[in-house]
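FYI, full-length UniProt numbering numbers position 50 of the sequence shown as 50, with every residue one higher than the one before it. All C-beta atoms, glycine included, are put in the ideal place defined by N, C-alpha and C. Written out below as structure tokens is the structure these notes cover.
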Amino acid sequence: MGKAEPGFEAMVVELISRHAPGINETAVNSRSSKGGKWVSVTVTLRAESKAQLDAIYLDLSAHEKVVMAL
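This is the structure in structure tokens:
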């Protein structure tokens with residue numbers, strides 16, 4: 001989740017793709033907050049290991065534009 005800015009969804013997908021290549025458009029879903037200030041991005045993927053999930057989480061959490069990663 002982060003501020004609704006141009007390119008936020010693409011940035012999230014790029015970060016995740018470093019660890020899980022081959023994500024397609026059908027795996028990505030975005031939803032804006034009621035006021036339009038925030039956007040949540042959901043990416044559905046099949047994880048190969050806990051280490052892969054941990055790496056994705058660390059990259060997302062470390063990015064300055066990501067407010068929350070679950």
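One alpha carbon belongs to residue 30, the other to residue 20, and they sit about 19 Å apart. A distance below 6 Å between beta-carbons, with the five flanking residues on each side excluded, links residue 16 to the following residues of its chain, in chain order: 43, 56. Taking C-alpha positions only, residue 8 is separated from residue 28 by approximately 12 Å.
Under DSSP, the beta-bridge partners assigned to residue 42 are 29. Just so you know, the alpha carbons of residue 50 and residue 37 end up roughly 32 Å apart. For residue 13, the enclosing alpha helix (DSSP H) starts and ends at 8-17.
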